Amino acid sequence: MARVVTKPKGPPYLLIVFIFLFLIAATLMVLTFNQKQEVEKQLQEVRAVKDKLASARNLLESDIASWLKSPDQMTVVERLVEEKKALINHIVGSAATTVEDVGERVKATRAQVGGTGQPLLEEMRNLKALHDTKEEQLQAVTKERDEANQKFRDQEQVAINLAKKVEEMGAAFAKEKEQLSTQISKYQTEHEAKVEDIKKSWDSARDELNKTIASLTEKSTKMDSTNKQLNNKIRELEQEVKRLQPVTQKNIELMPQADGKVVKVLEGQNLCYISLGSMDRVIPGLTFSVYSSSGIPETGEGKAKVTVTEVSETISLCRIDNQSPTNPVIATDIVANVVYDPNRTYAFVVEGQFDLFGTGQPSAAGADEIKALVRKYRGTIADAVTPQTDFVVMGEEPPRPPKPTEAASEQAKKVYDDQLKEWKHYQDVREQAAKMQIPILNTNRFLALVGYTATKK
Numbered sequence: 001m002a003r004v005v006t007k008p009k010g011p012p013y014l015l016i017v018f019i020f021l022f023l024i025a026a027t028l029m030v031l032t033f034n035q036k037q038e039v040e041k042q043l044q045e046v047r048a049v050k051d052k053l054a055s056a057r058n059l060l061e062s063d064i065a066s067w068l069k070s071p072d073q074m075t076v077v078e079r080l081v082e083e084k085k086a087l088i089n090h091i092v093g094s095a096a097t098t099v100e101d102v103g104e105r106v107k108a109t110r111a112q113v114g115g116t117g118q119p120l121l122e123e124m125r126n127l128k129a130l131h132d133t134k135e136e137q138l139q140a141v142t143k144e145r146d147e148a149n150q151k152f153r154d155q156e157q158v159a160i161n162l163a164k165k166v167e168e169m170g171a172a173f174a175k176e177k178e179q180l181s182t183q184i185s186k187y188q189t190e191h192e193a194k195v196e197d198i199k200k201s202w203d204s205a206r207d208e209l210n211k212t213i214a215s216l217t218e219k220s221t222k223m224d225s226t227n228k229q230l231n232n233k234i235r236e237l238e239q240e241v242k243r244l245q246p247v248t249q250k251n252i253e254l255m256p257q258a259d260g261k262v263v264k265v266l267e268g269q270n271l272c273y274i275s276l277g278s279m280d281r282v283i284p285g286l287t288f289s290v291y292s293s294s295g296i297p298e299t300g301e302g303k304a305k306v307t308v309t310e311v312s313e314t315i316s317l318c319r320i321d322n323q324s325p326t327n328p329v330i331a332t333d334i335v336a337n338v339v340y341d342p343n344r345t346y347a348f349v350v351e352g353q354f355d356l357f358g359t360g361q362p363s364a365a366g367a368d369e370i371k372a373l374v375r376k377y378r379g380t381i382a383d384a385v386t387p388q389t390d391f392v393v394m395g396e397e398p399p400r401p402p403k404p405t406e407a408a409s410e411q412a413k414k415v416y417d418d419q420l421k422e423w424k425h426y427q428d429v430r431e432q433a434a435k436m437q438i439p440i441l442n443t444n445r446f447l448a449l450v451g452y453t454a455t456k457k
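Here you go:
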């Protein structure tokens, strides 16, 4: 049988040491674990800050890589902050502001200067180019202004010199004027008496001449009046003889007689005096044809026409119209108007339409004007040819209308009847005048014999 040996019991130092070491190890482990978590947390925060500061791609940028290798102690953020401040200072002139403020100020400045939204350097270059252009323009304008100022100064000097010369000339002129005034006064005093004497002599001679002219004119007027009465008597006797002669074409030819003559022509004034006045029933506006003293041609065309403007008792002042430079009106020329007669009134029949202006378009208005001329010259207008008719003035002969067909309208037949009636009336008037030996005048001969020139209205 085994023998149990009982060992003496003492303190368990080994166990205590083991337990103590275990506790120390556990404590260290717990501390280490906590520190690891704290470090990992801090590492995550550092990584987050790092990612916030720069990404892996940013770190590959050449500027960042060179800054990381730089031996100085400045961090990349510090360098970026410094460059930001420097850039802001370059832009606005002061680093004490924010990027947002810089952006707003740049935007406002662009709006003021009319920026195009291009990069600042590009806009600065554009502004510089614009500034250079404006500077060149300013220099050009300044140069022009200087040249203009110089020209002005030159002109001003010329004006000063001219004014000085004018002043000198004025003084000389004033002196000369004074001398001339003295001479004129002297000559005026010397010649006033002579002029007065000449004037008196001239007035006396003019009065004598006027008396002589008045006396001669009176004698000539009396002779003209006597001749006129004789001529009128001759015309009356000739007309009576014609009535007793056989009817032939020669008997009915018109042979106008002179109504008066030109007694004086006012040279260079287109005026003359004729030997007809208010005693001869002459009125202002009456016209006459002027003929040579040799007589009136069969055509009735005169050398000129005159219009009465002023009427005295025995003579009248007339305006000369349509005068030929090579055959002017002279004293002793005769005047005539087929309508006018100082002792009787002629009766006229006016038939047809008249073309007074040579347009080729005769009209009833032309006939009315012919009638107005006859009445103006103291003649009368009759509706039909009678033995009391003195003259017949014939216008354009109306064409004989063609006879319409049976199928023509009533209106066409009526027009035909009217035109045929007008044509027959024209033929009847001409035949009646020929039978009664009454002179027939066409438009041209009538106007020539009354001295009238048609004027277009």
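Residue numbers for the sequence shown follow the numbering used here, so the first one is 1 and each next one is one higher. Ideal placement from N, C-alpha and C gives every residue a C-beta, glycine not left out. For clarity, every value in this text was computed on a predicted model and none was experimentally measured.
Secondary structure of residue i, DSSP reduced to three states
i	result
R319	strand
E313	coil
V81	helix
K177	helix
T380	strand
S74	A small correction: the amino acid at residue 74 is Met; Ser does not occupy that position in the sequence shown. Coil.
V39	helix
V282	coil
N343	coil
S294	coil
S324	strand
S363	strand
I330	coil
A148	helix
T182	helix
K486	No statement about residue 486 is possible, as the shown extent of the chain runs from 1 to 457 and does not include it.
T453	coil
Q257	coil
S215	helix
S62	helix
T386	coil
Q229	helix
Q155	helix
K250	Low local confidence applies: a pLDDT of 37 at K250 is under 50, so the model's placement there is unreliable, and no value is given.
E135	helix
E397	coil
Q44	helix
Q188	helix
Segment limits, alpha helix (DSSP H) that includes residue i
i	result
T443	443-450
T109	99-113
K414	410-435
Beta-carbon separation (whole angstroms), residue i vs residue j, contact threshold 8 Å
i	j	result
V76	I64	6 Å
G300	A412	Incorrect: roughly 42 Å between the Cβ atoms, too far for contact.
V329	K303	7 Å
T309	K261	Not confirmed; about 18 Å, so no contact.
V339	V385	So it is not a contact: roughly 17 Å between Cβ atoms.
F391	L317	Their Cβ separation, rounded to whole angstroms, is 28 Å, which puts F391 and L317 out of contact at 8 Å.
Q257	A336	7 Å
D280	K305	Not confirmed; about 19 Å, so no contact.
V450	Y377	6 Å
A367	F354	5 Å
T453	G395	Actually they do not touch by this definition, with Cβ atoms about 18 Å apart.
S275	T212	Rounded, the Cβ-Cβ distance is 18 Å, inconsistent with contact.
Residue i: first and last residue of the uninterrupted beta strand (DSSP E) it sits in
i	result
I274	271-274
K303	It is not in any beta strand (DSSP E) - K303 carries neither H nor E in the DSSP assignment.
V335	334-336
F288	287-291
F357	Segment: none, F357 is in no beta strand (DSSP E) and carries neither H nor E.
Identified DSSP bridge partners for residue i
i	result
K264	Y273
I440	V392
F348	I381, F391
S204	DSSP, once it has assigned bridges, lists no residue as partnering S204.
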